[in-house]
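With this note's numbering applied, the sequence shown covers -13 to 411. Virtual Cβ for every residue (Gly too), placed ideally from N, Cα, C. A short write-up of the structure that comes next.
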Amino acid sequence: MRVLVIGSGGREHALCWKLRQQHPEIELYCAPGNGGISEYATIVPITVDAIDQLVGFAQDQHIDLTVVGPELPLSLGIVDSFQAAGLAIFGPTRLAAEIESSKAFAKDFMQRNSIPTADFRIFNDAAAAVQYIATCTLPVVVKADGLAAGKGVVVCHDRVQAQQAVIECMQKHKKVVIEEFLEGEEFSLMAFVDGTAVLPLIAAQDHKAVYDGDQGPNTGGMGAYAPLPHFSASVIDYAVENILQPTAIALCKEGRPFTGILYAGLMLTSSGVKVIEFNARFGDPETQVILPCLESDLLSLFQACVEHRLVDVGELIWNQQVAVGVVLAAQGYPGAYATGQVIGGIENAIKQGALVFHAGTKKIDNQFVSAGGRVLNIVGTGPGLITARNCVYEAVAAVQFEGMHYRRDIAAKALAKMVQKDIAN
Ligand code: AMP
Ligand code: GLY
């Protein structure tokens, strides 16, 4: 069997690693991949937005299944193009992927389908939006209506900042969403979806701000852990029944049936779970901590979705481990960052029992060098949060490259809550 994974980040490395681990026999390709992925898959030098070239490659190489990692090709209609060419592909169509690529669509969709979310207003006129800011309750959240790699959202604590955010947003985008600030604990819940059947994964928590204590600007994600030992099963069940399931059904009803991974970014507020955002794909860096816990066969799950027989799969099987992932970022990230730094110590991190997923690396002359803002994901696993955290931070200490920075508090809040409840191990 020939499988093509599209993307080049830590998420795609984790996908390739799991597919290779469970299926040594498959022929695995990754476009465009990265330094780490080259050890598991044949690298295909085609960028994720070159849809026609990707279709051509899949046809020429008789690819049996393509799995899409990032949002950009989904928003460009890669799934529609592959399907039109008779090629099997895991991911939503362009119309279904609008749940991520247009925040305005997603908010209106949630409102008309009674999916719990923050109150909001949408503006296509900067002056009206600025005027609205003068009257709304603070803090307020300003969101660009388009893909922005996790960086199109500003949580504003004063009106001047909010008005500036609106003006900057309207210079690049046609619409701006202004929404109520939700107070609470954020978490990510993903599910395999094939139209109406929904099969949830374990929940995870991302850490979006660049510095410890959730300080500094937002990034694509600085670390994650899964599952969430301090969350009750009833919260997760509620979110599946009241958010993921009705969303899949409503997307079908509205003529946008969703196949792929539906990702809900959620806030556990004092008045229940509410949606912050939907994504139409695997989360990054959540996937890097969820897949090490998965026992079920990933390839069969992709096939079951594509062939619309997810309903026959039953529950997913997990290995009862906890995984904690720390992102090692380049100097300057999430702003302009340095590349080309030689990375040392990866082998030592692996010897210590950690997994190392590459996000932005290249292999040059048998050496890994940095080639992106997020460079590596180090993932530690263990029977509990303490062991998994110890594992990851010991491994992080073994890795070095010039200007490397990372958060030292991944999963720290959860640990503090568990210690309070006396359930830490
Ligand atoms: P998004 O791209 O919509 O996920 O937003 C990025 C981050 O901004 C989220 O992960 C939250 O931490 C924060 N955020 C977005 N919307 C809200 C909101 N309504 N209330 C509080 N925080 C939010
Ligand atoms: N971890 C957030 C995202 O994948 O968008």
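Closer than 7 Å to some heavy atom of the ligand AMP: that describes the Cβ of Val139.
For Ser356, the enclosing beta strand (DSSP E) covers residues Gln353 to Ser356. DSSP places Met96 in the uninterrupted alpha helix (DSSP H) bounded by Lys89 to Arg98. Runs of beta strand (DSSP E) with 3 or more residues, each lying fully within the region 44 to 78, are found at 51 to 54, listed in chain order. Under the DSSP assignment, Asn376 falls in the alpha helix (DSSP H) whose first and last residues are Leu371 to Val382. Here the C-alpha atom of Val116 lies approximately 13 Å from the C-alpha atom of Thr123. Residue Leu168 holds the alpha-carbon nearest to the alpha-carbon of Thr255 among Leu168, Val126 and Phe343. The region 124 to 181 contains, as complete beta strand (DSSP E) runs of 3+ residues, the segments 126 to 130, 139 to 142, 162 to 166 and 171 to 180 (chain order). Put simply, the region 396 to 404 touches the region 360 to 375. At least three CB pairs are less than 8 Å apart. In the displayed model, Asn305 falls within coil according to three-state DSSP, outside both helix and strand. Nearest C-alpha to Glu281 among Glu293, Arg242, Thr121 and Gln8: Gln8.
Going by DSSP, Gln117 is part of the alpha helix (DSSP H) stretching over Ala112 to Ile119. In the same chain as Glu84, and ignoring 5 residues on each side of it, the C-beta atoms closer than 6 Å to its own belong to Phe91, in chain order. Taking one beta carbon from each stretch, the region 229 to 241 and the region 34 to 48 have fewer than 3 pairs nearer than 8 Å; the two do not touch. For Phe288, the three-state secondary structure derived from DSSP is helix.
Looking from the CA of Gly258, the closest CA among Tyr118, Ala104, Val313 and Ile364 belongs to Ala104.
A direct Cα-Cα distance of roughly 11 Å separates Gly318 from Gly358. Residue environment for Gln157: exposed (fewer than 16 other C-beta atoms within 10 angstroms of its C-beta). Restricted to the region -8 to 52, the alpha helix (DSSP H) segments that are unbroken, complete and at least 4 residues in length are -4 to 8 and 37 to 46, listed in chain order.
Contact check for Gly199 and Ile396: beta-carbon distance about 12 Å, past the 8 Å limit, so the pair fails to qualify.
In terms of Cβ geometry, Val65 and Val54 form a close pair [threshold 8 Å]. Secondary structure within the region 209 to 233: the beta strand (DSSP E) runs of 3 or more consecutive residues, fully enclosed, are 209 to 212 (chain order). The region 66 to 74 makes contact with the region 30 to 46; the number of CB pairs closer than 8 Å reaches 3 or more. Looking at the DSSP output, Phe106 sits in a beta bridge with Glu165. The nearest non-hydrogen atom of the ligand GLY is 7 Å or more from the C-beta of Gly359. Membership of Ile247 in any alpha helix (DSSP H) is not indicated; the residue belongs instead to the beta strand (DSSP E) covering Thr245 to Thr255. Assignment of beta-bridge partners to Ala195 by DSSP yields Asn204. The distance from the Cβ of Lys129 to that of Val163 is about 4 Å, consistent with a contact at the 8 Å cut-off. The beta carbon of Gly339 sits closer than 7 Å to those of Cys377, all from its chain and outside the five residues before and after it, given in chain order.
Taking all protein chains shown into account, Ile23 has 16 or more neighbouring C-beta atoms within 10 Å of its C-beta and is therefore buried. Selection Ile336, Asn352, Gln39 and Asn228 evaluated against Glu380 yields Ile336 as nearest (Cα-Cα). Between the C-alpha atoms of Thr28 and Leu40 there is a straight-line separation of about 14 Å. Nearest to Phe354 by C-alpha distance, out of Gly330, Arg360 and Val342, is Gly330. The three-state secondary structure of Thr273, taken from DSSP, is helix.
The alpha-carbon separation between Arg98 and Met390 amounts to approximately 45 Å.
For Val184, no alpha helix (DSSP H) encloses it; the enclosing beta strand (DSSP E) starts and ends at Ala183 to Pro186.
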